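Here the working numbering is used: the first residue of the sequence shown is -1, the next is one more, and so on. The structure appears right after this line, and notes come after that.
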Amino acid sequence: MGKEIRRVAVVLNSSAGALLGFATAEEDLRRAFAHAGLEAWFIPASAGSLSQRMAIAVKSNPDAVAVGGGDGTIACAASALVSRGIPLAILPCGTMNLLARDLSIPTDDLEAAIAIIGNGSLRDLDVGEVNGHFFLCASMLGVPAWLGRTREDSRGAAWRAWVRMARAIWKQMLRTQRLRVTLVADGRPMPARAAALTITVNPFTRSAGRAFGRAQLGSGQFGIYILDTFGIGVLLALAGRILFGRRNARVREHVASEIDIVGRSRAMRVMNDGELFLLVPPLHYRIWRGALRVVAP
């Protein structure tokens, strides 16, 4: 494994799904760390924002930093560890936990995820960057980002979130507006008038054992997925792709190591790993190969 991991700084997003509403979550996690033979130092929420707490964690020079949250939290925390060599240990507490799944880290058993920290191995992963913002899984424009804004506005009661999301999907299907951008992939211009554009850190791999999984996390390439239209038929086709791994002919797929996106609007809504940003075009996508060290099984 290399350097033995024993001292772990722990940063939690208390609003993450698996931690929300559990007053004893930190106490339970402390016991799990001790049971795994790890010395854990929990940085309290009162110490500041996530980025401020990550700065404190890095300054303490731990053997690893364990971060509890969803993909957005993990990506934000990882930005403090890029190219530093301090391993990131993932405690999957979000809704999707895509990176944890790609790394085969248990997403329904935090004690098992903590046990991996003490006896796992170290892997160097690629990191995506767009206009100074890092992401580890996917950056989305168009329909996904628009629906992401609806999700942010709907946080709270579950029934209200579902109603608003269903209404948003219906409204979006009635719209004819699409992204009008020019995508330059490795110097090749590709005009794109699409409903949705997704850029992944390393392409999806159909042999990864699950739909939309990535078997390779260090290829140094982006996957580009362009969805030309959006409607009932497309939703059904996407459902088939998600549930049964069927190839969707309506999605154009490309691979590139550098991407630039030029749009007509003054600002573009981008969703990186589930977190929304309003970025000024042109959008410059670059990949940092092997820049993040993580603990994996």
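We put the beta carbon where it would ideally sit given N, CA and C, even for glycine. From a predicted model like this one, the values you see are computed outputs, not experimental measurements.
Beta-carbon proximity check, L48 vs D271, cutoff 9 angstroms: With respect to the 9 angstroms criterion, L48 and D271 are not classified as neighbours on the basis of their beta carbons.
Since L101 is in the beta strand (DSSP E), which residue starts that stretch and which ends it? Segment: none, L101 is in no beta strand (DSSP E) and carries neither H nor E.
For L241 and V293, what's the separation of their Cα atoms in angstroms? For L241, the predicted model reports a pLDDT of 42, less than 50, meaning its position is unreliable and no value from the coordinates is stated.
Determine the direct distance from the alpha carbon of E273 to that of I88, and round the result to whole angstroms. Here the C-alpha atom of I88 lies approximately 18 angstroms from the C-alpha atom of E273.
T198 beta carbon less than 9 angstroms from that of C135: Here C135 is near T198, since their CB atoms are less than 9 angstroms apart.
Could you please give the first and the last residue of the uninterrupted beta strand (DSSP E) stretch that includes S137? Going by DSSP, S137 is part of the beta strand (DSSP E) stretching over A136 to G140.
Flag this pair as yes or no: are the beta carbons of L120 and P295 separated by less than 9 angstroms? For L120 and P295, no; Cβs fall outside 9 angstroms.
Tell me where the beta strand (DSSP E) around V293 begins and ends. Here the beta strand (DSSP E) through V293 covers L281 to A294.
So, helix, strand or coil for G70, using DSSP? G70 carries a helical assignment under DSSP once its states are collapsed to helix, strand and coil.
What does the Cβ neighbour count give for R264, buried or exposed, with the cut at 16 atoms within 10 Å? Burial state of R264 is exposed, judged by a 10 Å Cβ sphere holding fewer than 16 other Cβ atoms.
When you compare only the Cα positions, how much space is there between A55 and G216? Distance between the alpha carbons of A55 and G216: 26 angstroms.
Taking just the CA atoms, how far does R250 sit from V260? C-alpha separation (whole angstroms): 19 angstroms.
Candidates A110, G185 and I257, of which the one nearest Q219 by Cα: A check of alpha carbon separations from Q219 across A110, G185 and I257 identifies I257 as the nearest.
Using 10 angstroms around the beta-carbon of V65, count the other beta-carbons present and answer buried if the total reaches 16, otherwise exposed. Around the beta carbon of V65, a 10 Å sphere encloses 16 or more other beta carbons of the protein chains shown; the residue is thus reported as buried.
Reduced DSSP secondary structure (H/G/I, E/B, other) of L215: In the three-state reduction of the DSSP assignment, L215 falls in the coil class, being assigned neither a helical nor a strand state.
Name, in chain order, the residues that DSSP records as bridge partners for L274. DSSP lists M269 as the bridge partner or partners of L274.
Helix or strand or just coil, what does DSSP make of S12? S12 falls in the coil class under three-state DSSP.
I'd like the list of long-range same chain contacts for H282, defined as Cβ closer than 7 angstroms, with 5 residues on each side in sequence excluded. Residues V128, N129 and D258 of the same chain have their beta carbon placed closer than 7 angstroms to that of H282, with the five preceding and five following residues left out of the count.
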